[in-house]
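J.:
2 protein chains.
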Amino acid sequence: MRQQKRIAIIGAGPSGMAALRAFAAAELQGDTNPEIICYEKQDDWGGQWNFSWRTGTDHYGEPVHSSMYRNLWSNGPKEALEFAEYTFDDHFGRPISSYPPREVLWDYINGRAMQSGVKARVRFAHAVRWVDYSEEAAQFTVTVDNLRTKETVRETFDEVIVATGHFAFPNVPNFTGIETFPGEVIHAHEFRGAERLKDKRVLLIGGSYSAEDIGVQAHKMGAQQVTMSYRSQPQGFAWPEGMQEVPEIVGFDGQTATFVDGQVREFDTVILCTGYLHHYPFLSRELHIESPNNLYPEGLYRGVVWQNNPGLCYLGAQDQWFTFNMFDAQAWYVRDLILGRAELPSAEARAEHARAWLERFEAAQTVAQQVQFQADYIRDLIDATDYPSFDLDEVVRIFLAWKADKQANILTYRDCTYPSVITGTMAVRHHTDWLDEFDDSIERYLETPKPQVTQ
Amino acid sequence: MRQQKRIAIIGAGPSGMAALRAFAAAELQGDTNPEIICYEKQDDWGGQWNFSWRTGTDHYGEPVHSSMYRNLWSNGPKEALEFAEYTFDDHFGRPISSYPPREVLWDYINGRAMQSGVKARVRFAHAVRWVDYSEEAAQFTVTVDNLRTKETVRETFDEVIVATGHFAFPNVPNFTGIETFPGEVIHAHEFRGAERLKDKRVLLIGGSYSAEDIGVQAHKMGAQQVTMSYRSQPQGFAWPEGMQEVPEIVGFDGQTATFVDGQVREFDTVILCTGYLHHYPFLSRELHIESPNNLYPEGLYRGVVWQNNPGLCYLGAQDQWFTFNMFDAQAWYVRDLILGRAELPSAEARAEHARAWLERFEAAQTVAQQVQFQADYIRDLIDATDYPSFDLDEVVRIFLAWKADKQANILTYRDCTYPSVITGTMAVRHHTDWLDEFDDSIERYLETPKPQVTQ
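Going down the list, the sequences are from chains A and B.
Reminder that position 248 of the first sequence reads as 229 in the working numbering, one-by-one numbering, no gaps.
Reminder that position 368 of the second sequence reads as 349 in the working numbering, one-by-one numbering, no gaps.
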């Protein structure tokens, strides 16, 4: 029998990187880690933050993972996602604004992971094809294609951490007559930049974050008209001239769309902002989350341990107010279970715990209650680990302030600033108003402040 | 031990449908068939001919298979693809034109398959995840996700027929600076119609069939300018005003592309016509074709039997002059091997046979030689089966006439007509010139001829 445990991490995005960091932190404390292999199908880590111009499938024929677009700026304050053990001050050495663009956030997560020297643990361009579990051996066999050498390898592991996320496979429902629409029809997952929406009449189908942010991006880039179609309820922001919400769509006839309130409009481009699927094509259904995108998917003890087979854990499987620091809390806890620092309760105790939290989740109706629910969920994890505690209730207040700022003005909320709950450092206002800033590069972002340039 | 053999067919496109038809034909002759299960990830059969408005991934999260576009008309004469045992006369009951639109061809292949009553053998919305081979059991285990019920099933088979094709996973190379191009960037696989290219400056990267046909479609639909960038050699057709060929691309800077001859041009839309990959993510590399797209991929005896494991066969794995009737010849031969009607030669004999054909393939340099090579290849298969023989040399002549017609006029070749080599029936000219026909529906196509309508 092999002495050392073997652990597979599937995916090297923010969650997988958190797991690698968690094990590196234990090693620094003198712990002996199991053998860890992280499989990543992309050529670099960063997951969603690894921007690709490609859509559909990549140069290896694998589904493109990232839904990132050129013009993306954080749509929540960075103070709500800050790593408690690697702060923005640690990385940038000076205050920055609260809503950085994608390259800046990529630099931050990359910087922390590089500091731990864990990149060698990642097998890039490796696509996991299938995960088998053997009851007798109490082991997983992971079948992986090395996309560069074109070899298939099979390795056995004691535990598997699924860190592939659930914002990579779009939900693409049908709409009557959409096959007759002659313009561009894409899902938000395939959206790479709003520049080409200039002068266009854009229809965004959906009423959540994708529609909101692609909508304001399109508006910023000069779209003639931005129409957002909601199903359950309008977003209700104070939209500027040229942006409006309409109810559910009835169907298309060529360029014309009809809505349930009887409105008929013509469009040049349609973007489905219809969300994502929990889709793990490498997992048999016995190991596969079956859940809508919510804050407490069923079947996961403490939001991470697969109840039916606790050798399998998920990171980041929840809908997310909190992101990077929640992945950390989850990764630290999963690491502690694997290292034996934390004890896994019995199946009955786990089910009981999950039941109690599911009840709390179902009771959380308002936004404030839901954010608080996730803060409490994270606190429960942090309390079980040595991940540095931070003021989660203050982060809840930042989230609510962010919500209020968006209500006040959906076009200017990214100019607001918040203090770090970890370091107390107050963010600085970006040198250029977001609405006037057309250069999203890290170089431009980190430039010494100078008078605003309007393009 | 199980008495009856079990056969899995993966994919219910034209190749998989040919296999189903082949077994049905044997049954009509009194043969006892093995148990056959055909897995198809789409909701209907037809493969590439099953048009979907979706791109990227489908409503199940699976990569979209079809590269079909609304406006596609056959780009080769139907007389070259006619089933020898189900003719166009059999299906339509009257002569039709030589280059029908997609709905008409779909109707034809669907009509034949329906006639055999084999649809019940197809498990639709079933995605094959992994195929394992056990040397001891001499059996394959196929792991499949039922995408509707969300169950994972594992079934064992004696033989597996891979009929998923190789025009579903695009080859998406990188181009310097393409991530800065602000317009639409898609691969031909994601192209769904040329209407939106009206008034656009369109760059098509590639010098083969996709660039040619999307180019003339764009021209037909009123593109301002169609530029096709070739790597090895120009297509060399007599392009109309507004269409031109340029050599290889150096890179992009925003909307501007530079070419190796020093030309610099601005574009609104880029379509990669860069071909497809042999990509079978459900096959380990021991079972996986490793080949460029050519007329005789290595490792396949008679173009179908996997040399290293003859329990695995591929249909339609070649580059294709011939299509539907070649799939038939392959399917009939594979069926005969499975039924024991044909004998599989020894590994050495198979390797020797493949070597000889590979030499012939490499000697075929001109188009005429290559078409003749594929005709001879098909004849070799038909001679080994009871598939109805037909005049393959006459089909070669039709292919060469088609080539000449295209050279004469790339915009009008679809108005030409040819006789069926099976029935002798002469095709009729479509009631409307292709360039003036903007309605691709089967209803419009089958209308009683009337004076030409120009839209």
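Glycine included, each C-beta is placed from N, C-alpha and C at the ideal position.
Give me whichever residues DSSP pairs with N127 (chain B) in a beta bridge.
T.: Answer by DSSP bridge pairing, in chain order: B:H107, B:E132.
J.: Since I believe D309 (chain B) is in contact with Y368 (chain B) (beta carbons under 8 Å), could you give me their beta-carbon distance rounded to a whole number of angstroms?
T.: The Cβ separation is near 6 Å, so the contact holds.
J.: On a CA-only basis, which of B:D300, B:D249, B:M224, B:L258 is nearest Y234 (chain B)? Give me that one, please.
T.: Just to set this straight, residue 234 (chain B) is Asp in the shown sequence, not Tyr. Closest by alpha carbon: B:D249.
J.: Mind checking which residues open and close the beta strand (DSSP E) that includes M(-2) (chain B)?
T.: Note, M(-2) (chain B): premise wrong, no beta strand (DSSP E); alpha helix (DSSP H) at -5 to 9.
J.: Report all residues from its chain with a CB closer than 7 Å to the CB of V285 (chain A); omit the five preceding and five following residues, and keep chain order.
T.: Closer than 7 Å at Cβ, skipping near neighbours: C294, Y295, L296, Q311, Y314, V315.
J.: Count the C-beta pairs between the region 219 to 226 of chain B and the region 239 to 246 of chain B that are closer than 8 Å, then say yes if the count reaches three, no if not.
T.: Not touching, per the Cβ criterion.
J.: Using a Cβ-Cβ cut-off of less than 7 Å, give me the residues of the region 31 to 64 of chain A that come near chain B, in sequence order.
T.: If the cut-off is 7 Å between Cβ atoms, the region 31 to 64 of chain A has W34, R35, T36, G37, T38, D39, H40, G42, P44 near chain B.
J.: Less than 8 Å between the CB atoms is what I'm expecting for D421 (chain B) and W54 (chain B), so what's the real figure, rounded?
T.: D421 (chain B) to W54 (chain B), Cβ: 7 Å. Contact.
J.: Would you list the residues sitting across from Y190 (chain B) in a DSSP beta bridge?
T.: The partner list for Y190 (chain B) (beta bridge, DSSP) is empty, contrary to what the question assumes.
J.: So, are the CB atoms of S189 (chain A) and H411 (chain A) less than 9 Å apart?
T.: No, Cβ-Cβ distance for S189 (chain A) and H411 (chain A) is not below 9 Å.
J.: List the residues of chain B that H168 (chain A) touches, going by C-beta distances under 9 Å, in chain order.
T.: By Cβ distance, chain B contributes R35, T36, G37, T38.
J.: On the three-state DSSP scale, how would you describe Y282 (chain A)?
T.: Y282 (chain A) falls in the strand class under three-state DSSP.
J.: Curious, which full-length alpha helix (DSSP H) runs of at least 4 residues does the region 350 to 392 of chain A contain?
T.: Here the runs fully enclosed are 373 to 389.
J.: For A238 (chain B), list the residues DSSP reports as bridge partners.
T.: A238 (chain B) is bridged to B:F233, B:R246.
J.: For P151 (chain B) and W26 (chain B), I'd like the C-alpha separation in whole angstroms.
T.: Taking the straight line joining both Cα atoms gives about 21 Å.
J.: Got a sec: which bits of the region 99 to 114 of chain A sit with their beta carbon under 8 Å from any beta carbon on chain B, in order along the chain?
T.: Listed in sequence order: A108, R110, W111.
J.: Go through its chain and collect everything with a Cβ distance to G92 (chain A)'s Cβ below 7 Å, but skip five positions before and after it.
T.: Excluding positions up to five away in sequence, the list reads H72.
J.: Give the DSSP-derived three-state secondary structure of D113 (chain B) in the structure shown.
T.: It is a strand residue.
J.: Can you find a CB in chain A that lies within less than 9 Å of the CB of P82 (chain B)?
T.: By this cut-off, P82 (chain B) is not an interface position.
J.: Determine whether the beta carbon atoms of V251 (chain B) and V125 (chain B) lie at a separation below 9 Å.
T.: No, the Cβ-Cβ distance between V251 (chain B) and V125 (chain B) is not below 9 Å.
J.: Are any of the Cβ atoms in chain B nearer than 9 Å to that of Q436 (chain A)?
T.: Only weak support is given to the placement of Q436 (chain A): the predicted model assigns it a pLDDT of 46, under 50, and the value that follows is read from those uncertain coordinates. By this cut-off, Q436 (chain A) is not an interface position.
J.: Roughly how many whole angstroms lie between the Cα atoms of A118 (chain A) and P326 (chain A)?
T.: Going by the C-alpha atoms only, they are around 22 Å apart.
J.: Looking only at its chain, what residues have a beta carbon closer than 8 Å to the beta carbon of L381 (chain A), apart from the 5 residues adjacent to it on each side?
T.: Here the set comprises V348, A349, V352.
J.: Candidates B:R378, B:A199, B:L185: which alpha carbon is nearest E229 (chain B)'s?
T.: The option with the nearest alpha carbon to E229 (chain B) is B:L185.
J.: Hey, does P151 (chain B) have any beta-carbon neighbour from chain A nearer than 9 Å?
T.: So yes, P151 (chain B) belongs to the interface.
J.: On a Cα-Cα basis, can you pick out the residue from B:T255, B:L253, B:G232, B:C254 that is closest to V245 (chain B)?
T.: The shortest C-alpha separation from V245 (chain B) is found at B:G232.
J.: Since I believe T404 (chain B) is in contact with D70 (chain B) (beta carbons under 8 Å), could you give me their beta-carbon distance rounded to a whole number of angstroms?
T.: Right, their Cβ atoms sit about 5 Å apart.
J.: Of the residues A:D300, A:L427, A:E428, A:R35, which one's Cα is nearest the Cα of E171 (chain B)?
T.: With distances taken between Cα atoms, E171 (chain B) lies closest to A:R35.
J.: Could you name the residues of the same chain whose beta carbon sits closer than 6 Å to that of A192 (chain A), not counting the 5 residues immediately before and after it, in chain order?
T.: Excluding sequence neighbours, A192 (chain A) sits near L185, M209, C254.
J.: Buried or exposed: where does M49 (chain B) fall if 16 or more other Cβ atoms within 10 Å of its Cβ makes it buried?
T.: M49 (chain B) is buried by the Cβ-count criterion.
J.: What residue does the alpha helix (DSSP H) around M307 (chain A) start on, and which one ends it?
T.: That run of the alpha helix (DSSP H) goes 305 to 320.
J.: What are the residues that DSSP puts in a beta bridge with T161 (chain B)?
T.: Per DSSP, none; premise fails for T161 (chain B).
J.: Short of 7 Å in beta carbon distance, which residues of its chain neighbour Q225 (chain B), apart from the five on each side in sequence? Order them along the chain.
T.: Closer than 7 Å at the Cβ level, and outside the excluded window around Q225 (chain B), lie T208.
J.: Where does Q436 (chain B) fall in DSSP's three states?
T.: Because Q436 (chain B) sits at a pLDDT of 47, beneath the cut-off of 50, its placement in the model cannot be relied upon, and the following sentence gives the value as read from the coordinates. In the structure shown, Q436 (chain B) sits in coil (DSSP, three-state: anything other than H, G, I, E or B).
J.: With DSSP collapsed to three states, give me the class of R182 (chain B).
T.: Strand at R182 (chain B).
J.: For K(-14) (chain A), which option in A:A175, A:E428, A:A(-7), A:L320 has the closest C-alpha, if you only look at C-alpha atoms?
T.: Closest by alpha carbon: A:L320.
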